[in-house]
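Q: Residue numbers (our numbering): 8 to 458. Heads up, the beta-carbon is just placed ideally off N, CA and C, and yes, glycines get one too. Okay, here's the structure, questions in a sec.
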Amino acid sequence: MSLPASDLSKKADGRTTMELGAVLPETAEVRDDHLFIGGVDMVELARTEGTALYVIDEADLRHRMERYRDSFRANYENSDVIYASKAFLNKECARIVAQEGLCLDVSGGGELACALSTGFPASRVFMHGNNKTPKELDEAISAGVGRIVLDTRIELGRVSEIAGRHGVVQDVFMRITPGVEADTHEYIRTGCEDSKFGFTMREDFAFKCVQDVLNTPNVHLKGLHCHIGSQIFSLESFREAANVMVELMARIEREYGIQIEELDLGGGLGIAYQAEDNPTSIEEFARLTTSAVKDACTEHNVPLPRLLVEPGRSMVAPAGVTLYTVGILKTLPNIRKFVAVDGGMSDNIRTALYHASYEPVIANKAGQPRTEIVTIAGKHCESGDAVVLDGSIQHPDLGDIVCVFSTGAYCYTMASNYNGQPRPAVVFVKDGTYRVTTRRETYEDLLSRDV
Ligand code: LLP
């Protein structure tokens, strides 16, 4: 894996930190050339807690949760928002999700264990996964999770058997692949036909399987689910998906005489990774999806279901930043300028994996214009290990603190220990104070599982 060639014609954008608009967490400000988030000096925080460091702006995170909850409720009374924990989850985050009155999507036993350890009500948990193990299903059913989202017919038998053993009837959803091609990176597109996820609609497979679910003991078909992909900018795909799903609900009612009570449209709303990105707002997303569902229900003459959405990225990504310290500067004339930091693909794999783009600044020069184009490389033994490709940044010096924005989702949860790198701590900042919510990994942690 190597880096894409640097674009030598690219000019630095000359922006100062506060000119980065959409990528800034809500409480970002610059005082005396230092970047502050949640009233906390990022330069001082980096020096006391060390780098690499994940920082979450708690006010920003909570406001996004509230905006989701309130805008869905305002447009559609019988609705609930499910936080997709795969984007980011630690115990403190699970507590905040509970306090904000949201439900939780877990995609395995580990996320479930984290939620339950904080007293998160199991009845508000939705369990996903295309290959949940029998052990995970047992953990979920014995904990009393609200819904299990069936991904295949094979899983139907497993859920039925385990629920029977526990003497319960488990509420389930069926995850449908609606055949909608979302406008996003192919690796994170999930609703199209060629997908490992869900029941395909081809050859009427999903519809036929509904009959199997209805005929299976110890499961109750409560709803249908779809998820068409992630980091989606064009909302038309959501309207299409809603229409396909409601049409299926109507047909189930007509032909099987069963009313589907709940419809879960998944997550996927895109966010700004670049200052000039202009994603749809949470409020607009709520207006569009709720009106799409209402229109489709009118057209197909079915009663309005309870409506669910399960966003992850658009709730937590913009609230998070990652801090690093500059350790090495290396200029290759007419090739590129490297700024190497004390992290990289172990704390943010998204650049190597998807060529994701991020906006960086130097937290101790935050009021200055970004005058250089650099590649922010990591410290790992891999040529493709970079956090930012061809990014504008202030003039870098050794020891500077680099802050990379929009890293609240799919960075911590996708982190690894490559090269024996201990994973960073997670700090929440709010009202001028901070608290470590996940401590930094130690060498002892790394060695603790070896025998
Ligand atoms: N529901 C289901 C069933 C999902 O699979 C996902 C994401 C979500 C909800 C939340 O989607 P969001 O609102 O966050 O887009 N690692 C990739 C993203 C993978 C998304 C996987 N599923 C990335 O870093 O871009």
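Residues in the same chain with beta-carbon distance under 8 Å from LEU52, minus the five sequence neighbours each way, listed in chain order, please.
A: Closer than 8 Å at Cβ, skipping near neighbours: LEU60, VAL62, LEU330, VAL434, VAL436 and TYR441.
Q: With a cut-off of 8 Å on the beta carbons, I'd call LEU272 and THR296 a contact; round off their distance for me.
A: That belief holds up - the Cβ atoms of LEU272 and THR296 are roughly 6 Å apart, short of 8 Å.
Q: Does the Cβ of MET421 lie closer than 7 Å to at least one heavy atom of the ligand LLP?
A: Yes - the ligand LLP has a heavy atom lying nearer than 7 Å to the Cβ of MET421.
Q: Under 8 Å, do SER111 and ALA94 count as touching if we go by C-beta distance?
A: Checking the displayed sequence, the identity of residue 111 turns out to be Leu instead of Ser. No, the Cβ-Cβ distance between LEU111 and ALA94 is not below 8 Å.
Q: Is GLN547 close to the ligand LLP? I mean its beta-carbon at under 7 Å from any heavy atom of the ligand.
A: The requested residue 547 is not part of the displayed model; the chain covers only 8 to 458.
Q: What residues are listed by DSSP as bridge partners for HIS227?
A: Its beta-bridge partners are ASP178.
Q: Do SER92 and VAL113 have their CB atoms nearer than 8 Å?
A: Against a cut-off of 8 Å, the Cβ pair of VAL113 and SER92 comes out as a contact.
Q: Taking 7 Å as the cut-off, is the beta-carbon of LEU276 closer than that to any non-hydrogen atom of the ligand LLP?
A: Within the cutoff, so yes.
Q: Looking only at its chain, what residues have a beta carbon closer than 6 Å to the beta carbon of SER321, apart from the 5 residues adjacent to it on each side?
A: These residues qualify, in order along the chain: LEU276 and ILE278.
Q: Which residue wins for smallest C-alpha separation from ALA170, given the options THR159, THR184 and ILE155?
A: Checked all of THR159, THR184 and ILE155; the closest Cα to ALA170 is ILE155.
Q: Can you give me the C-alpha to C-alpha distance between THR411 and GLU366, rounded to a whole angstrom?
A: According to the sequence provided, residue 411 is Val. The question's Thr does not apply to it. If I take the Cα positions, the gap works out to 6 Å.
Q: Compare the C-alpha of LEU255 against each of VAL300, PRO224 and ASP404 and name the closest.
A: Comparing Cα-Cα distances from LEU255 to each of VAL300, PRO224 and ASP404, the minimum goes to VAL300.
Q: Measuring CB to CB, does ARG377 end up less than 8 Å from SER399?
A: Yes, the Cβ-Cβ distance between ARG377 and SER399 is below 8 Å.
Q: Counting pairs of beta carbons, one from the stretch 377–389 and one from the stretch 346–353, are three or more of them closer than 8 Å?
A: With a cut-off of 8 Å, the stretch 346–353 and the stretch 377–389 count as touching, because enough Cβ pairs lie within range.
Q: With a 10 Å radius around its C-beta and 16 neighbouring C-beta atoms as the bar for buried, classify VAL217 as buried or exposed.
A: So VAL217 ends up on the buried side.
Q: When every heavy atom of the ligand LLP is checked, does at least one fall within less than 7 Å of the C-beta of GLU448?
A: Because no heavy atom of the ligand LLP lies under 7 Å away, the Cβ of GLU448 does not count as near it: no.
Q: How about ASP397 and ILE369: do their beta carbons lie closer than 8 Å?
A: No.
Q: Look up ILE383 in the DSSP assignment and say whether it is helix, strand or coil.
A: In this structure, ILE383 counts as strand in the three-state DSSP scheme.
Q: Find the nearest neighbour of ASP166 within the set GLY186, ASN138 and MET421, judged by alpha-carbon distance.
A: Checking the sequence shown, residue 166 turns out to be Val, not Asp. Checking every option, the nearest Cα to that of VAL166 belongs to ASN138.
Q: Does DSSP put THR358 in a helix, a strand or coil?
A: The answer is helix: DSSP assigns THR358 an H, G or I state.
Q: Per DSSP, which residues does SER86 bridge with? Please list them.
A: The partner list for SER86 (beta bridge, DSSP) reads LEU314.
Q: Tell me which same chain residues have a C-beta within less than 7 Å of the C-beta of ALA212, skipping the five on either side of it?
A: One point to set straight first is that residue 212 is Phe, not Ala, in the sequence displayed. Correct list, in chain order: PHE206.
Q: In three-state terms, what does DSSP make of HIS70?
A: Of the three classes helix, strand and coil, the one that applies to HIS70 here is helix, per DSSP.
Q: Measure from the alpha carbon of ARG261 to the alpha carbon of each residue in HIS307, GLU243, LEU231 and LEU242, then state which is nearest.
A: The candidate whose alpha carbon is nearest that of ARG261 is HIS307.
Q: For the ligand LLP, is there a heavy atom less than 7 Å away from the beta-carbon of GLY319?
A: Yes, the beta carbon of GLY319 sits closer than 7 Å to at least one heavy atom of the ligand LLP.
Q: Can you tell me whether TYR450 is helix, strand or coil according to DSSP?
A: Here TYR450 sits in helix by DSSP.
Q: Using 7 Å as the cut-off, classify the Cβ of HIS459 as near or not near the heavy atoms of the ligand LLP, replying yes or no.
A: Residue 459 is absent from the model: the chain starts at 8 and stops at 458.
Q: Does at least one heavy atom of the ligand LLP sit under 7 Å from the Cβ of ASP48?
A: Because no heavy atom of the ligand LLP lies under 7 Å away, the Cβ of ASP48 does not count as near it: no.
Q: Have a look at ALA189 and LEU360 and give me their C-alpha separation to the nearest angstrom.
A: So the alpha carbons of these two residues sit roughly 19 Å apart.
Q: Is GLY273 near the ligand LLP - that is, is its Cβ less than 7 Å away from at least one heavy atom of it?
A: True, at least one ligand heavy atom lies under 7 Å from that Cβ.
Q: Who are the near neighbours of VAL37 in its chain, counting only those whose CB is closer than 6 Å to its CB and skipping five residues on each side?
A: The answer, listed in chain order, is THR24, MET25, ALA373 and GLY374.
Q: Does the beta carbon of ALA91 fall short of 7 Å from some heavy atom of the ligand LLP?
A: Yes, the beta carbon of ALA91 sits closer than 7 Å to at least one heavy atom of the ligand LLP.
Q: Can you tell me where the alpha helix (DSSP H) holding GLU262 begins and where it ends?
A: Element bounds for GLU262: 243–263.
Q: So what does DSSP say about SER399, is it helix, strand or coil?
A: Strand at SER399.
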